[in-house]
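A.B. asks: Here's a structure for you.
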Amino acid sequence: MIAFKSRLKDAIAERLRAVYPDLGELDMAPTPDPKMGDLALTFPFTLAKTLRKAPRAIALEAAPLLASVEGVVKAEVAGGGFLNLWLDRTAVLTEAVRLAGRTDLGPDEGKIVIEHTNINPNKAAHIGHLRNACLGDTLARCLRYKGERVEVQNYIDDTGVQVVDVVFGLMELEGLTVEDLERLPGKFDYYCWDLYARASAYLAAHPEAQARKSAIMKNIEHARDPEYGLSRYVSRRIVRAHLATMARLGISYDVLPCESTILHLKFWEKAFDLLKERQAIYLAADGENKGCWVMRLEEDEEREKVIVRSDGTVTYVGKDIAYQLWKFGLLGLDFHYEPFAEDKGRTLWISTAEPSAASPGFGRATKVYNVIDTRQSYLQKVVVQGLRSLKYDTQAAKSVHFSYEMVALSPKSLGELGYAASAEEKERAYLEVSGRKGLGVKADDLLDRLEAKALAEIEKRNPDLPGDEKRKIARDIATGALRYFMLRYARNSVIVFDFEEALSFEGETGPYLQYTAVRLASIFRKLKERHGLAEADIVPPADGGFRFPAALAEAEQADAWDVLLTAASLDEEVLRSVAGLEFAHLAKHAFLLCQKFNGYYHKYPVLAEENTEIRTFRLLVLRTVKEQLHGALGLMGISAV
RNA sequence: GCGCCUGUAGCUCAGCUGGAUAGAGCGUCGGACUUCGAAUCCGCAGGUCGCCCGUUCGAAUCGGGCCAGGCGCGCCA
16 MIAFKSRLKD AIAERLRAVY PDLGELDMAP TPDPKMGDLA LTFPFTLAKT
66 LRKAPRAIAL EAAPLLASVE GVVKAEVAGG GFLNLWLDRT AVLTEAVRLA
116 GRTDLGPDEG KIVIEHTNIN PNKAAHIGHL RNACLGDTLA RCLRYKGERV
166 EVQNYIDDTG VQVVDVVFGL MELEGLTVED LERLPGKFDY YCWDLYARAS
216 AYLAAHPEAQ ARKSAIMKNI EHARDPEYGL SRYVSRRIVR AHLATMARLG
266 ISYDVLPCES TILHLKFWEK AFDLLKERQA IYLAADGENK GCWVMRLEED
316 EEREKVIVRS DGTVTYVGKD IAYQLWKFGL LGLDFHYEPF AEDKGRTLWI
366 STAEPSAASP GFGRATKVYN VIDTRQSYLQ KVVVQGLRSL KYDTQAAKSV
416 HFSYEMVALS PKSLGELGYA ASAEEKERAY LEVSGRKGLG VKADDLLDRL
466 EAKALAEIEK RNPDLPGDEK RKIARDIATG ALRYFMLRYA RNSVIVFDFE
516 EALSFEGETG PYLQYTAVRL ASIFRKLKER HGLAEADIVP PADGGFRFPA
566 ALAEAEQADA WDVLLTAASL DEEVLRSVAG LEFAHLAKHA FLLCQKFNGY
616 YHKYPVLAEE NTEIRTFRLL VLRTVKEQLH GALGLMGISA V
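Residue numbers (this note's numbering): 16 to 656.
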């Protein structure tokens, strides 16, 4: 469809330029109503001024020029000067049917690195993390679909203060050792969720305990046990819990770069040398940042951002600049790796400081996406500016902050979580999720609830299915519901989480899409049973050309055309979604396709149709929709059940 | 104070680089299952697109101003 449209546009522009040399960029858009044709041209309006003619007169004059363009069957003037085109349905659909379930898109980059998830390894994943992972994973799927080489990194901050807080809690509040933790019942990430909240509260209430926490932090830094062993145990075990949670959603990674490795391998020191050498940062001689290495901010000449503190330690941004340099292969240093997990024959690697035989070769990207919520926009800007200050303008331009708004909690959901909100908090329209406060909806809890609800529905509908199958379907529906929920909102809109909304399986939801896919599958199953015809047999005539049956009613032809045109626009929607990092487009497109298909299906029975020519035609429509819908679902990580 | 984002139906949200009569879902009300799966489909009702100016043949969309809300702006991560 993309190829067809661009050929058409070129042909039309060429035709018009011969008569109107002043024609600018040709605007070609769908008409508001299929009755008005397929595509609308608006150039008569823009030419009206220079030609000093009424738009309608120009349109009337131009119409005959276009009626003979290949791919166009009719050109008609509408409204004040729109020129509407009717496309050659047979030509368009021949291509659409041939490409169903495939794509002719190609890559634009050498290699793309996507960083997403990045959950602090000290507590269970919550709904905010799910939004990040779903967006990042969908981006990865879309880029791979269009043929890009993609590497997904999940950065593990295993030496940060959040892990320290939990170690503090284990040692000071619980008095537990690694051996004790090994015997702890229940979900470890849930245990840490509560402990982290308790440790945070304790530290806030007992300022004198800060000294003890600092001592713990120092011991972790210098790899001294028991602190170091505990931190290592906690972070590794929690990472495995996060991976398990994400695996429930079909989300996986290629490599886990760890903060601890970055420290051990002295990535920062190398970056520091580079920054100094190229004078991207300087030592502040006086002022409030005296004794710090700072970076001047481009957009605000007055301000400077501290990169190295006066005590010589590096800030978060500094480390991030080093990591970003590594992603582009600009640091001149590399990690070592060892296998961390196996998933469906694929190895997930984790960074390590010790040299090892394996060198899978990560990084060296030509483009980098960092999936991080919008609150970090400022810091992400600073990181990119760091690259620019180092004269890596190309890489700076290809460093993309995929930002999105947070997932917050509705007042109603606070009640369901048993959270006692303060008077001030009750005034607010929503409340931020806070790991520190232990306030949030845990990802696994939500998935469990979705699965339970789906299972109950399945019990009602298909009580005879084997238990295993019921559970598998319930899992698929739960992830479908959740992943669609995370994609359906534009990234700039705050999702105010509400259980009722998230647990819905009706209307614009993942299960609606899955249900549509199931219907399609079941028609083909019945086709096999009743007529002995396999889906693969439903192909256009041997010459590859698409034809409407002669006996087909005009209304049905229009309806089928509408459905197929929508199905054929998947690639356009993918490109649009990737370009704008707006996967709500993809979600809405899949939903629209299902709506249109369901309408078609309702109106035109397939298996009961006696005219074989018409039945075969309808089956071809169905097969095309099915292929494209499966494609769309796959990109969103939603199983077709 | 400065920067970014948001304001569209009762609720939750779409509306692509300006385009024709502003659309979905939920909810309300009313219909459609002996049929290819009713997690569905069809219909009714519901809108001064926050407000004001401007640009334009044409503005929910672009520009300016105001109002309201959110988030950032650390030698925290």
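Beta carbons are placed, not taken as given, at the ideal position from N, Cα and C, and that holds for glycine.
In this text the structure is predicted, and so the values were computed from the model without any measurement.
Throw me the rounded Cβ distance for the Ala-605 and Ala-647 pair, which I believe falls under 8 angstroms.
C.D. replies: Their Cβ separation, rounded to whole angstroms, is 4 angstroms, which keeps Ala-605 and Ala-647 in contact under 8 angstroms.
A.B. asks: In the DSSP assignment, what residue or residues form a beta bridge with Gln-391?
C.D. replies: Partner(s): none; Gln-391 has no beta bridge.
A.B. asks: In three-state DSSP terms, what is Tyr-297?
C.D. replies: Tyr-297 falls in the strand class under three-state DSSP.
A.B. asks: Taking one C-beta from the stretch 270-289 and one from the stretch 171-182 each time, how about it: are there three or more such pairs within less than 8 angstroms?
C.D. replies: Because the criterion of three Cβ pairs below 8 angstroms is met, the stretch 270-289 and the stretch 171-182 touch.
A.B. asks: At what residues does the beta strand (DSSP E) containing Leu-100 begin and finish?
C.D. replies: 97-102 is the extent of the beta strand (DSSP E) around Leu-100.
A.B. asks: Could you tell me which residues DSSP puts in a beta bridge with Lys-89?
C.D. replies: In the DSSP output, where bridge partners are listed per residue, Lys-89 has Trp-101.
A.B. asks: So, do the stretch 468-477 and the stretch 511-520 have three or more beta carbon pairs nearer to each other than 8 angstroms?
C.D. replies: Yes, the stretch 468-477 is in contact with the stretch 511-520.
A.B. asks: Near Ser-404, which residues of its chain fall below 6 angstroms by C-beta distance, leaving aside the five closest residues on each side in sequence?
C.D. replies: Cβ neighbours of Ser-404 beyond the five flanking positions: Ala-295.
A.B. asks: Looking at the secondary structure, which residues open and close the alpha helix (DSSP H) in which Ser-366 lies?
C.D. replies: Segment 361-367 is the beta strand (DSSP E) holding Ser-366; no alpha helix (DSSP H) there.
A.B. asks: Just to confirm, is the Cβ distance from Val-141 to Lys-452 under 8 angstroms?
C.D. replies: Contrary to the premise, residue 141 reads as His rather than Val in this sequence. Contact flag unset, no.
A.B. asks: My assumption, with CB atoms under 8 angstroms, is that Thr-381 sits in contact with Glu-166. Please give the rounded CB distance.
C.D. replies: The pair is not a contact, with the Cβ atoms about 11 angstroms apart (cut-off 8 angstroms).
A.B. asks: Can you tell me the Cβ-Cβ gap for Phe-282 and Leu-346, rounded? I've got them flagged as a contact below 8 angstroms.
C.D. replies: Correct: roughly 6 angstroms between the Cβ atoms.
A.B. asks: May I have the straight-line CA-CA distance separating Leu-542 from Arg-490, to the nearest angstrom?
C.D. replies: Between Leu-542 and Arg-490, the C-alpha separation is close to 28 angstroms.
A.B. asks: Between the stretch 312-322 and the stretch 195-214, can you find at least three pairs of beta-carbon atoms closer than 8 angstroms?
C.D. replies: With the cut-off at 8 angstroms, the stretch 195-214 and the stretch 312-322 do not touch.
A.B. asks: So who's on the other strand from Arg-630, going by DSSP bridges?
C.D. replies: Looking at the DSSP assignment, Arg-630 forms no beta bridge with any residue, so it has no partner.
A.B. asks: In terms of residues, what are the limits of the beta strand (DSSP E) holding Lys-222?
C.D. replies: What sits at residue 222 in the sequence shown is Pro, not Lys. No beta strand (DSSP E) contains Pro-222, which DSSP labels as neither H nor E.
A.B. asks: How long is the line joining the alpha carbons of Leu-684 and Ala-28, rounded to whole angstroms?
C.D. replies: Nothing can be reported for residue 684: it is not among the residues displayed for the chain, which extend from 16 to 656.
A.B. asks: Pick from Ala-568, His-131, Leu-158: whose alpha carbon is nearest that of Thr-118?
C.D. replies: For the residues Ala-568, His-131, Leu-158, the minimum Cα distance to Thr-118 belongs to Leu-158.
A.B. asks: Span of the beta strand (DSSP E) holding Pro-354?
C.D. replies: First-last of the beta strand (DSSP E) with Pro-354: 351-358.
A.B. asks: Entirely within the stretch 129-190 and at least 3 residues each: give me those beta strand (DSSP E) ranges in chain order.
C.D. replies: Entirely contained in the stretch 129-190, the beta strand (DSSP E) runs reaching 3 residues are, in chain order, 165-168.
A.B. asks: Would Leu-199 be called buried (16 or more neighbouring beta carbons within 10 Å of its own) or exposed?
C.D. replies: Flag for Leu-199 reads exposed.
A.B. asks: Would you mind listing the beta strand (DSSP E) stretches within the stretch 30-61 that are 3+ residues and don't spill past its ends, in chain order?
C.D. replies: 43-45, 54-56, all fully within the stretch 30-61.
A.B. asks: Assuming Phe-282 is part of the alpha helix (DSSP H), what are its boundary residues?
C.D. replies: Note, Phe-282: alpha helix (DSSP H), 282-292.
A.B. asks: Could you check how far apart the C-beta atoms of Val-386 and His-131 are, in whole angstroms? I think they sit under 8 angstroms.
C.D. replies: Confirmed, Cβ separation roughly 4 angstroms.
A.B. asks: Can you tell me whether Asp-335 is buried or exposed, with buried defined as 16 or more other CB within 10 angstroms of its CB?
C.D. replies: Buried, because 16 or more other Cβ atoms sit within 10 Å of the Cβ of Asp-335.
A.B. asks: Just to confirm before moving on: does the CB-CB distance between Glu-85 and Gly-52 stay below 8 angstroms?
C.D. replies: Going by C-beta atoms, Glu-85 is not nearer than 8 angstroms to Gly-52.
A.B. asks: Whose C-beta lies closer than 7 angstroms to the C-beta of Tyr-419 among residues of the same chain, with five residues either side of it excluded?
C.D. replies: Cβ within range, chain order: Arg-146, Leu-150, Asp-388, Thr-389, Arg-506.
A.B. asks: Would you tell me roughly how many angstroms separate the C-alpha atoms of Val-321 and Trp-308, rounded to the nearest one?
C.D. replies: Using only the alpha carbons, I get a separation of about 6 angstroms.
A.B. asks: Using CA atoms only, rank isn't needed, just tell me which of Leu-154, Ser-229, Val-323 is closest to Gly-13.
C.D. replies: In the structure displayed, the chain extends from 16 to 656; residue 13 sits before or after that span and is not available.
A.B. asks: By the DSSP assignment, the beta strand (DSSP E) with Ala-13 in it spans what residues?
C.D. replies: With the chain running from 16 to 656 in the structure shown, residue 13 is simply not present.
A.B. asks: Which residue comes first and which comes last in the beta strand (DSSP E) that contains Tyr-384?
C.D. replies: Counting along the chain, the beta strand (DSSP E) containing Tyr-384 begins and ends at 382-386.
A.B. asks: Pick out the complete alpha helix (DSSP H) segments inside the stretch 220-261, 4 residues or longer, and give them in chain order.
C.D. replies: Qualifying alpha helix (DSSP H) stretches, in chain order: 225-236.
A.B. asks: Give the straight-line distance between the Cα atoms of Glu-440 and Leu-424, rounded to the nearest whole angstrom.
C.D. replies: Cα to Cα, the separation comes out at about 11 angstroms.
A.B. asks: Once DSSP output is grouped into helix, strand and coil, what is the label at Ser-449?
C.D. replies: In this structure, Ser-449 counts as strand in the three-state DSSP scheme.
A.B. asks: Taking the CB atoms as reference points, tell me whether Ala-18 and Ala-582 lie closer together than 8 angstroms.
C.D. replies: No.
A.B. asks: With which residues is Trp-308 paired in a DSSP beta bridge?
C.D. replies: Looking at the DSSP assignment, Trp-308 forms a beta bridge with Leu-298, Val-323.
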